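Numbering (full-length UniProt numbering), first residue to last: 1 to 646.
In what follows, a single structure is set out as structure tokens and then discussed.
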């Protein structure tokens, strides 16, 4: 079923053309990614589709009953309610219907409704209708759904009564996404949903979105995430849009094949044009060949001239180098404790960096990864333990918050002030390599976008020529092309790297080791992210097997110690025979009572009975009595069965 059709949409901001003749179709169950450079117009298009922005020309077609849910890139949930109350508000209609059902149940139990003609039947009919609708709307499972989604976003039962207004920005963003997922719109639009998520939460979100009942439209710079979810990719480039089928990796392959195919066709046509023009030039003036030359000229005029295929837009271009090599032992921490204001976050930290290592530091949000990096770079004091730096170690630090990039200096001044001995031409060349060209270098730093600040911070880091790079979320705010350039630069880097990242593809390309940080210790894994996940699953399976074996051993030991005597065994068998007899008796009694119940319920359906309100009330009372007896007998039957199984 077609959910949305975008036809020839064009959008200007002032005189600047942002989107041109955009065509896009989304069907039920589609899993679609929207990709493109920072500034290509992805967020603008999402806002147009969600109805938050107008467009200048074209049209959007969607069925009236299609619901659209949109989460923008920097949305945080603002509310004075608790977490649980806010999530319950999603199911306001369901809860109102639940209250209606409870009210009807009270009316059905009221004898006065049996005395009014048709009142009981009307109530029963309304109750059946509401109950069916309530079930279809997920009325019997909405609280379970809330708990499941909150748990996936790392909010647990002890957090439910927390007021949302007291939470951090990242927590509010996660709650905004949780609330949107619970609404389950027909079309779910997410702009960078993996921001503020740790690796474990991203893995949960992937599985959730893979099974999402509606259609998805995603913008994300996480290639691993896109590869796991999407089945088609729309690319925005140079104000226009192209569609590719498959996940992100397939899109890259198809895009390269398309460019190569168009390049060959273009070159072939250019060859044909050159031959025609050459023939016309040589033969037009000669009387014997002028007609043939004129024919070739008409052929040339009728030809549809292909445009030169546009390759990729310009990417940043840089590499990291070092002034001098460090010693073999670069850095070591032993039994370290880290934290803020004397309050420990993590302890028992053991970390050793040797020259050439590229170590990824992973762990849940809030465990202290950024704190550890700031401690190593001496921005925070070590609470206890030992930290040692090797010989000739020069540290270059990339802060994910870019806290010191908020000045009113121009981009040119900001970089030049850090390296005043370089001439302006060299500074401008470096900035050009990071896509700051022309008037871009005169922008004030405080006005830059997140992606531009990230590129400026990387430019500053590159000029440092440090032999130990400490990187805190270096891929945040970078588009997919810039990420690839950064990866290539780090792969070729001759120094040592310690980095924090939630980008699993990035970890796989860069890391030679993974160190997992918890509040109590660190664990080292000698491989990339996929190896780390594999080993974690292997260790979890071994722990389960060990637990199972221990339980079996304990059961055998208990069985041996408590082995009954002959008399005890005889008594046990006697009790078991009695239980079985009683179970059979109960089953017979329940069968008889169910037959009686069926007869009495049939009587209630007969006109002469339900029209006689006194008789109807009498039989209804008997029905309730029989049901009560059945419930009591079934309860005893269940208990006896459980005892027998035990």
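Cβ coordinates follow ideal geometry from the N, Cα and C atoms, glycine included.
Note that the structure is a prediction, hence the values are computed from the model and not measured.
Taking the C-alpha atoms as reference points, what is the distance between residue i and residue j?
i: residue 650; j: residue 240; result: Any property of residue 650 remains undetermined from this structure, which presents the chain solely from 1 to 646.
i: residue 663; j: residue 232; result: The displayed coordinates of the chain run from 1 to 646. Any statement about residue 663 would go beyond what the structure contains.
i: residue 224; j: residue 528; result: 14 Å
i: residue 260; j: residue 381; result: 55 Å
i: residue 462; j: residue 397; result: 10 Å
i: residue 430; j: residue 38; result: 20 Å
i: residue 157; j: residue 77; result: 19 Å
i: residue 602; j: residue 118; result: 18 Å
i: residue 68; j: residue 218; result: 13 Å
i: residue 652; j: residue 213; result: In the structure as shown, the chain starts at 1 and stops at 646, and residue 652 therefore has no counterpart that could be examined.
i: residue 455; j: residue 434; result: 6 Å
i: residue 339; j: residue 364; result: 16 Å
i: residue 458; j: residue 480; result: 16 Å
i: residue 301; j: residue 287; result: 22 Å
i: residue 520; j: residue 372; result: 14 Å
i: residue 596; j: residue 179; result: 49 Å
i: residue 635; j: residue 209; result: 42 Å
i: residue 369; j: residue 551; result: 37 Å
i: residue 206; j: residue 221; result: 14 Å
i: residue 2; j: residue 126; result: 35 Å
i: residue 73; j: residue 124; result: 49 Å
i: residue 24; j: residue 66; result: 16 Å
i: residue 619; j: residue 106; result: 19 Å
i: residue 17; j: residue 348; result: 56 Å
i: residue 692; j: residue 536; result: Any answer about residue 692 is impossible in this case: the structure gives the chain only from 1 up to 646.
i: residue 342; j: residue 367; result: 15 Å
Which same chain residues, not among the five before or five after residue i, have their C-beta less than 6 Å away from its C-beta?
i: residue 579; result: 640, 644
i: residue 31; result: 216, 229, 230, 231
i: residue 161; result: 82
i: residue 59; result: 7
i: residue 306; result: 266, 269
With a CB to CB cut of under 7 Å and the five nearest residues on each side skipped, what residues in its chain are close to residue i?
i: residue 526; result: 513
i: residue 390; result: 326, 327, 329, 330, 331
Span of the beta strand (DSSP E) holding residue i?
i: residue 472; result: 468-472
i: residue 61; result: 57-61
i: residue 22; result: 16-27
i: residue 7; result: 2-13
i: residue 343; result: 343-354
i: residue 515; result: 513-517
i: residue 229; result: Per DSSP, residue 229 belongs to no beta strand (DSSP E); it is in the alpha helix (DSSP H), 223-229.
i: residue 388; result: 384-389
How should residue i be labelled, buried or exposed, when 16 other C-beta atoms within 10 angstroms of its C-beta is the threshold for buried?
i: residue 270; result: exposed
i: residue 491; result: exposed
i: residue 474; result: buried
i: residue 418; result: exposed
i: residue 400; result: buried
i: residue 414; result: buried
i: residue 256; result: exposed
i: residue 189; result: buried
i: residue 362; result: buried
i: residue 35; result: buried
i: residue 139; result: buried
i: residue 41; result: buried
i: residue 460; result: buried
i: residue 452; result: buried
i: residue 90; result: buried
i: residue 12; result: exposed
i: residue 193; result: buried
i: residue 92; result: exposed
Keeping to the same chain, check which residues put their C-beta closer than 8 Å to that of residue i; ignore five residues upstream and five downstream.
i: residue 308; result: 266
i: residue 290; result: 283, 284
Can you tell which of the options has the C-alpha that lies nearest to the C-alpha of residue i?
i: residue 322; options: 383, 341, 263, 393; result: 393
i: residue 505; options: 367, 575, 228; result: 228
i: residue 469; options: 150, 355, 20; result: 355
i: residue 182; options: 104, 87, 194, 408; result: 87
i: residue 387; options: 407, 186, 423, 335; result: 335
i: residue 585; options: 136, 411, 630; result: 630
i: residue 226; options: 238, 252, 237, 242; result: 252
i: residue 320; options: 487, 21, 503, 99; result: 487
What residue range is occupied by the uninterrupted alpha helix (DSSP H) comprising residue i?
i: residue 318; result: Looking at the DSSP string, residue 318 is not in any alpha helix (DSSP H), and its letter there is neither H nor E.
i: residue 359; result: Unbroken run through residue 359 is the beta strand (DSSP E), 358-362; no alpha helix (DSSP H).
i: residue 329; result: Looking at the DSSP string, residue 329 is not in any alpha helix (DSSP H); the run it does join, the beta strand (DSSP E), is 329-340.
i: residue 33; result: No alpha helix (DSSP H) contains residue 33, which is instead part of the beta strand (DSSP E) from 31-35.
i: residue 496; result: No alpha helix (DSSP H) holds residue 496; the beta strand (DSSP E) holding it covers 496-500.
i: residue 491; result: 480-491
i: residue 432; result: 424-433
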